[in-house]
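Start counting at 1 in the sequence shown, then tack on 31, and there's your number in this note's numbering. Below is one structure; the comments refer to it alone.
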Amino acid sequence: HHTPIRLHASPRVQQTRLQYASWLGNSTALLMVSDNNIFLRMSPTAPVDKRLTDTGVPGIIYNGVPDWLYQEEVLPNPEAMWPSADGTRLLYATFNDTK
């Protein structure tokens, strides 16, 4: 049984294009990447997102998503986050393209 839910912008993730969104393990929480930073929404209807990273810089520092080189040549998918099955832990990669 599936019920569609419309996601609404929260104060932290404004009306920007999400670079990536996925369920966090086997839970109702959503992982989202916006402006190269990772956000956590505890449920699809939660009004506020928790910012997990704050170092993202578009075109330079990537958190949770690969830069163009890793996306094309190394990683099999367009994400660089690996949650535990129960959703209690998250491993993510950061790519720094300053050099």
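We put the CB at the ideal spot given by N, CA and C, even for glycine.
N-terminal and C-terminal residue of the alpha helix (DSSP H) that residue i is part of
i: L61; result: Taken as a continuous stretch (DSSP letters only), L61 belongs to no alpha helix (DSSP H), being part of the beta strand (DSSP E) at 61-65.
Through-space distance from residue j to residue i, alpha-carbon basis
i: T86; j: R72; result: 19 Å
i: S74; j: A52; result: 13 Å
i: Y101; j: A116; result: 24 Å
i: A60; j: T119; result: 10 Å
i: A111; j: E103; result: 13 Å
i: N108; j: L62; result: 15 Å
i: S58; j: V105; result: 28 Å
Sequence-distant residues of the same chain with beta carbon closer than 6 Å to residue i, five excluded per side
i: D98; result: F126, D128
i: P114; result: L55, G56, L121
i: A124; result: A111
Residue environment, residue i, which counts as buried when at least 16 other CB atoms sit within 10 Å
i: G90; result: exposed
i: V96; result: buried
Nonlocal neighbours in the same chain, by C-beta distance under 7 Å from residue i, ignoring five residues either side
i: S65; result: V44, T47, L49, Q50
i: N68; result: R82, T84, D85, G87, N94
Coil, strand or helix - residue i by DSSP
i: L106; result: coil
i: L49; result: coil
i: L122; result: strand
Boundaries of the beta strand (DSSP E) in which residue i is found, first to last residue
i: R72; result: 68-72
i: N94; result: 92-94
i: P89; result: It is not in any beta strand (DSSP E) - P89 carries neither H nor E in the DSSP assignment.
i: P114; result: 112-114
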